[in-house]
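Structure record follows, encoded as structure tokens.
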Amino acid sequence: MTEPPGKTSFMVSLQTRILALVLIPLLLTTAALVITDAFGRIQDSQANLAQQRELLIETRQAGVRDVVESARTAIQPILQDRSLNDSEKRSRAADILRAIRFEGDNYVFAYEYNGTNIVLPYSREREGTDMSGIQTPDGAYLIRDMIEVARQGGGYYAYPWEYPGTNTIEPKYSYATQVPEFNWMIGAGVYVTDIDAAMEGAEIRAAGALHSSITTSALIGTLIFLIVAAITAWMVRQTVQPIRRTAEAMRNIAKGEGDLTRRLTVESRDEIGELASQFNAFVSRMQETLLDVRRRTTSVHQAAEEIAQGSDELATRTEQAAANLQETSASMEEITATVNHSTESAEQANQLVQSTASVAREGETAMKSVERTMTDIDTSASRISEIITLIDGIAFQTNILALNASVEAARAGEHGRGFAVVAQEVRTLASRSGDAAREIRMLIDASVSHTREGSNIVKQAGTTMQEIVNSVARVTDVIADISAGAREQNSGIGQINTAVAEMDTMTQQNAAMVQQTSSAATQMRHHAESLNALIGTFVLGEEASSSPAQLLSTRSAPSLENRKPTKPQRHSVAEVEWETF
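Quick note on numbering: the sequence shown equals residues 74 to 654 in the numbering used here.
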């Protein structure tokens, strides 16, 4: 598992942190106590040593003071001896002071208040000289300061001075007091080098005792620390163990090998137990969520599959639509040309119909004239028929008269023979006239019949011509409507062509969108497969009817790239498919 950015690879366990939080303060406290005790012991030892040194120095100072006071006491009888003059008293007092020795080679010295030396046993050549200008290595005027201390009632005076035989500067303690009868300052001094040597041994012994006591304290502190550390480690281990189990379960889940059906055992009612309980609740919630995600991922994959299939079908139909639109565009161009031709033909037909209507109207007028003529002919034929009937009647009467004349001529005999011949001729003429009249009548009747038939035909022709005229008028109107409709159709076809072009553009855009949809569906299916494969790494406790690989098929959606629309045959797409599309 990768670490967050900005974090080092070094990881400190919780147990180590808790132990560090407990043991480091404990260690520091123990060390502080040991160090404090050691410092206390060191300070006590130093204080004891310093106190011992002070006591030794005070003892030495007291010894020096006692020596000086003894020297002062020793010269008191001389001061009280009235038999001696002042010079003798001074001389004898100086001799007494020169003779005094203590602690080996230490001596008593005496100075007048003006700094003139009176007694200096180891440098008698300097007696009687002014030594008020002598300075210590640190620049103090030694004799002046000691005279001042003595005149103020006496006291101690410490100063650095050269130690005889070593050429080293060592501290020296002197005591000075006054002899007012002589205006003297008498005093003595001692070095504390031997005290330092004695103190070195004391310090070594004290250091050994101090080291032993500090070591004992350190061992006791270490033992206490180790005991407390062991108890703390045991308690921390018992506390951290459930957390480790929780961390191990989380690590398994994080690595994709987690069994989400497992639960932690709640062993306590403290914060650790609450952590385990909440972890179990979290894992349960995560298990339910992943199960729901798996089901929804399967649904998403199926939906993506259906979208991909629908996109494929839609792509095919879009290609079909594009091809049909191209064919429609070509057909619309042909229709446009046809409509234009129809418009021109309609206009020509309109002109021809107008001419035909004019001719039909003239024919109607002529037919009416023919009808009137035929009516006149029929009337004349009827009149002729009547005349022929009259002639036929006359011929019949003539025949009868001729017959009667023949009968009378026969009766007359010879006298009537000529008349009989004439009567016979008249009878023959009458007979022939009757036959001719009958033939004429038959012809006239036939003519009348034909004339009537012709009149009827002419009437029918007139009616037909009237109907033709009316039809031509209607045809004229229809052709005018056709011409206007053709012009409107031409305009509408232009709009249709524009719409078809726009539809073709939209179809191409739809094809691109279908391609994007198919790609998105493919990506969504792949994402669903990846997500389900990722979820499949967890043990969820609910085995599906089939594995994720079976639930999520790996059928790849056909690519729409480089797809060229094929021009289908007309009426190759079912109408129901277009309704669906």
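Even for Gly, the Cβ is constructed at its ideal location relative to N, Cα and C.
Cβ neighbours of residue 167 within its own chain (closer than 6 Å, five residues either side excluded): 191, 192. Assignment of residue 436 by DSSP, reduced to helix, strand and coil, places it in the helix class.
Contact between residue 514 and residue 458 holds, since their C-beta atoms are separated by about 6 Å, short of 8 Å. For the segment 274 to 306, not one full-length alpha helix (DSSP H) segment reaches 4 residues or more. Check the Cα spacing between residue 446 and each of 397, 531, 506, 504: the tightest is with 531. Annotated as proximal: residue 384 and residue 594, with beta-carbon spacing under 9 Å. DSSP, read as helix, strand or coil, puts residue 148 in coil. A direct Cα-to-Cα measurement between residue 582 and residue 360 gives close to 44 Å.
With respect to the C-alpha of residue 275, the residue from 430, 119, 585, 295 having the closest C-alpha is 119. Looking only at 406, 472, 306, 450, the smallest Cα-Cα distance to residue 495 is reached by 472. With contact defined as three or more Cβ pairs closer than 8 Å, the segment 239 to 251 and the segment 259 to 271 are in contact. Burial state of residue 461 is buried, judged by a 10 Å Cβ sphere holding 16 or more other Cβ atoms. DSSP lists 236 as the bridge partner or partners of residue 241. In the three-state reduction of the DSSP assignment, residue 252 falls in the strand class. Fewer than three Cβ pairs drawn from the segment 148 to 165 and the segment 177 to 184 lie within less than 8 Å of each other, which leaves the two stretches out of contact. Beta-bridge annotation (DSSP): residue 228 is paired with 249. In this chain, residue 535 is not harboured by any beta strand (DSSP E); it is covered by the alpha helix (DSSP H) spanning 490 to 609. Excluding residues up to 5 positions away in sequence, 563, 566, 567, 570 lie with their Cβ nearer than 8 Å to the Cβ of residue 409 in the same chain. By the CB criterion at 9 Å, residue 220 and residue 186 fall inside the cutoff.
The three-state secondary structure of residue 183, taken from DSSP, is strand. Within its own chain, the residues whose Cβ lies closer than 6 Å to the Cβ of residue 169, once the five positions on either side in sequence are excluded, are 147, 148, listed in chain order. Here the alpha carbon of residue 100 sits roughly 30 Å from the alpha carbon of residue 319. Around residue 111, the same chain offers 287 as residues with beta carbons nearer than 6 Å, after the five sequence neighbours per side are excluded. Note that the C-beta distance between residue 130 and residue 265 is below 9 Å.
Residue environment for residue 602: buried (at least 16 other C-beta atoms within 10 angstroms of its C-beta). Within the segment 360 to 434, not a single complete alpha helix (DSSP H) segment reaches 4 residues in length.
Taking C-beta atoms as the reference points, residue 229 and residue 171 fail to come closer than 9 Å. Sixteen is the threshold: when 16 or more other Cβ atoms of the shown chains lie within 10 Å of the Cβ of residue 184, as they do, the residue is buried.
Three or more beta-carbon pairs separated by less than 8 Å link the segment 436 to 444 to the segment 518 to 535, which places the two stretches in contact. The beta carbon of residue 209 sits closer than 8 Å to the beta carbons of 215, 232, 233, 234 from its chain, once the five residues preceding and following it are set aside; these are given in chain order. Rounded to the nearest whole angstrom, the CA to CA distance from residue 578 to residue 585 is 11 Å. Straight through space, the alpha carbons of residue 116 and residue 204 are spaced by roughly 43 Å. Note on the segment 319 to 354: there is no whole beta strand (DSSP E) run with a minimum of 3 residues. DSSP places residue 169 inside the alpha helix (DSSP H), whose first and last residues are 159 to 172. DSSP, reduced to helix, strand and coil, places residue 113 within a helical segment of the structure shown. The C-beta distance from residue 103 to residue 294 rounds to 4 Å, short enough to meet the 8 Å contact threshold.
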